[in-house]
Amino acid sequence: MPRLPPMPRLDWSDPKAPRAEAFDDVYYSRRGGLDEAEAVFLAGCGLPEVWKNRDHFALCELGFGTGLNILAAWRAWKSSKRPHAQLHISTIEAFPLARADAARALAAFPEISELSQRLLGQWPVRAYAPQRLWFPEDGLSLTVFIGEAETILAGLTGQFDAWFLDGFAPARNPGMWSLASLAHIARLSAPGARVASFTVAGEVRRSLRAAGFVVEKKPGFGAKRERLEAILETPTPEAPSIYPYAPSHPKRVAVLGAGIAGAACAQALARRGVEAIVLEAASALGAGASGNPAALVMPRLDRGGVLKDFYLAAYLHAVATYEALGVFERCGVAEIGEDDAALTDLLADPPLPEAWFSALSENTALHARAGLVRPGAAIEKMLSGATLMCEAPVTALERAGEGWVLRAPDGRALLKADAVVLACGSALSQFAAAQFLPIALSRGQIEWGAGAAPAHALVRGSYVAPFDGGVLFGATFDKSASDSAAVADGASRTRNLAALVGLAPDIAASVNADALQSRAAIRVTTPDFAPIAGLLPDAHAWLAQYADLAHGRKIETDAMSPAHAGVYVIGGLGARGLTLAPLLGEIIASEMYAEPPLLPQIARDAIHPARFLHRALKRR
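Quick note on the numbering used here: the sequence shown kicks off at -15 and runs consecutively.
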């Protein structure tokens, strides 16, 4: 399968209803697409009445298309929701429309033009990577999954309250309506979940009934005589996970660490109207690696592996986040292949559209939308909705009722919170409950100053980027035993200069080494080089409960996976903190409130802190 999702070929011969040529079917009714969305999907799911008394509501759509159903739901939500309520919509699309085509289609509905423009302003990139779009002023998040419905549904967990089934007709698009897809819908449905669709095809009705739904035919819209409504009567039990995923629904969250990881969590909590208190041990922001004057945001493009889509999603999310904050400098990044075969393969079969990823030469790729972020400016803006406490080191967490008391080194209680996020980098290891995490430290030094700035940042192991009219380059990557090594030195500068000569000799010749500024910082890494994000397991209890894994035996217990309730970890971001943190912060906040997932379960498990306990058992 190609790495880039296919675009639909559209027939605009009828400007009122674009037709997908591959399926010989229209995206919406000629008699009024918005009216159809309201009559078939909103009314079919009992909306807006069903969500009027809900603080959280989760809706999933199969068939994003032009986004018209989403806009109809959004309009109804705005006019009927409770204050501070949250609507989380997930939508799946195998053939994503270009923004220009969606804009052309939506122009036919001036009554929702304001919402259409807001959606088009964040229109998802054509890529196999989940993308979450936030409209916090309306309490709305939209997660777009691009790919085949059955494949995406199979990887998800969680529970939805309502479903819009709006793929092309079953006879033309059988994969979306398969028995397996509808069984996954039942598995992913909350008790009493509602389903609405334009089709009443017999196979669809039988499959829904087999999955536990009560199905009814209702009067149709326009030329369609009938439509379908269904309500889940017999829920499908979800198999328990050996990794803890227990929501805590906190009203007050303490975030330890004001680096980019902590700031990303604080921003994600602020979107949800949650009180976030960020505690920083240093006297000011920027004490750690996030204190560098600038850092590159560029993608890690893997050709395979369970985290391939995660890394791509993190890059897209980071660019969108920093652009929205006004702290992104899009200089572009020219990546020179160290493994020419790998880069040549990616260029021949790209995972991103040409506007994002293209060939500069046989062994050089241009990431045109990549660039620089100034961490200090980013963190300051991300923390704007939180309370910041500097000179507030925390060395102990103490359970107190349903919450946690945070204690200073002298034992004083600093505050009490419903939940805690450990985003404190290398200081993670000072908490007894987190000492099982096999984190390692690495020291990185960068240099900056006057020099001949390249048109684009250049990367091949080391990097050089245009910065403040000159250049910024580096970085070393050395094992370190402690934070005390975060002091710039001449030996590291010499190595960075030598690397610059190998990467860009003309630029190196323009640099006055004696006038450079340097900075060293400590990064936190993991043995598998993947980040850590999730609920902190109770290591002792977890190992005891799942001891049979060490002997290859099946786990029989249905007990919840042991965890320190309300304590979450985000760390191990290595040299990609600026790129990974925004998405990881969103993942942490989303799990706190049992919102629809952003990642398939296999990818989510691959960054969960419990993975290290699991591997330790399997090695016994």
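Think of the CB as a built atom: it goes at the ideal place given N, C-alpha and C, for glycine as much as any other residue.
Linking F41 to D490 through their CA atoms gives a straight-line distance of about 57 Å. Under the rule that a run must span 3 or more residues, the beta strand (DSSP E) segments found entirely inside the segment 55 to 93 read 70 to 77.
Membership of C249 in the alpha helix (DSSP H) is indicated by the continuous run I244 to R255.
Taking 8 Å as the upper bound for CB-CB distance, E77 and G123 are not in contact here, some 23 Å apart. Here F457 carries a strand assignment [DSSP, helix/strand/coil]. In this structure, P521 sits near A594, with a CB-CB distance shorter than 8 Å. Between the segment 433 to 450 and the segment 306 to 320, the count of C-beta pairs closer than 8 Å reaches three or more; the two stretches touch.
For the segment 85 to 170, the full-length alpha helix (DSSP H) segments reaching 4 residues or more read 97 to 105 and 133 to 139 along the chain. By the neighbour-count definition (other C-beta atoms within 10 Å, threshold 16), M576 is a buried residue. Between the C-alpha atoms of V237 and A492 there is a straight-line separation of about 47 Å. Looking from the CA of I430, the closest CA among D462, A411 and S413 belongs to D462.
In this chain, the beta strand (DSSP E) harbouring I261 covers E259 to L263. Assigned with DSSP and collapsed to three states, T563 falls in helix.
Within the segment 188 to 250, the runs of beta strand (DSSP E) that reach at least 3 residues and sit entirely inside it are, in chain order, 197 to 203, 210 to 216 and 236 to 240. In the structure shown, the three-state DSSP call for G355 is strand. Sorting L52, T75 and L46 by C-alpha distance to the C-alpha of R102 places L52 at the top. In terms of CA proximity to S502, G428 leads the group G428, T183, A170 and W526. When the alpha-carbon of P154 is set against those of F182, T328 and L327, the nearest one is in F182. Counting along the chain, the unbroken alpha helix (DSSP H) around H301 starts and ends at K292 to L309. Where S502 is concerned, the enclosing beta strand (DSSP E) starts and stops at Q501 to T509. Going by DSSP, I516 is part of the beta strand (DSSP E) stretching over I516 to P521. Under the three-state reduction of DSSP, T328 is assigned to helix. For M282, the three-state secondary structure derived from DSSP is coil. Within the model, the alpha-carbon separation for A308 versus P393 is close to 38 Å.
By the 16-neighbour rule on beta-carbons within 10 angstroms, F513 is exposed. A straight line joining the alpha-carbon of H72 with that of S466 spans about 42 Å. P450 carries a strand assignment under DSSP once its states are collapsed to helix, strand and coil. When DSSP reads this structure, W388 sits in a beta bridge with R383 and A401. Counted as a single uninterrupted DSSP element, the stretch harbouring K0 is not any beta strand (DSSP E), since DSSP gives it neither H nor E.
When the beta-carbon positions are compared, W388 and G550 come within less than 8 Å of each other. Assignment of D8 by DSSP, reduced to helix, strand and coil, places it in the coil class.
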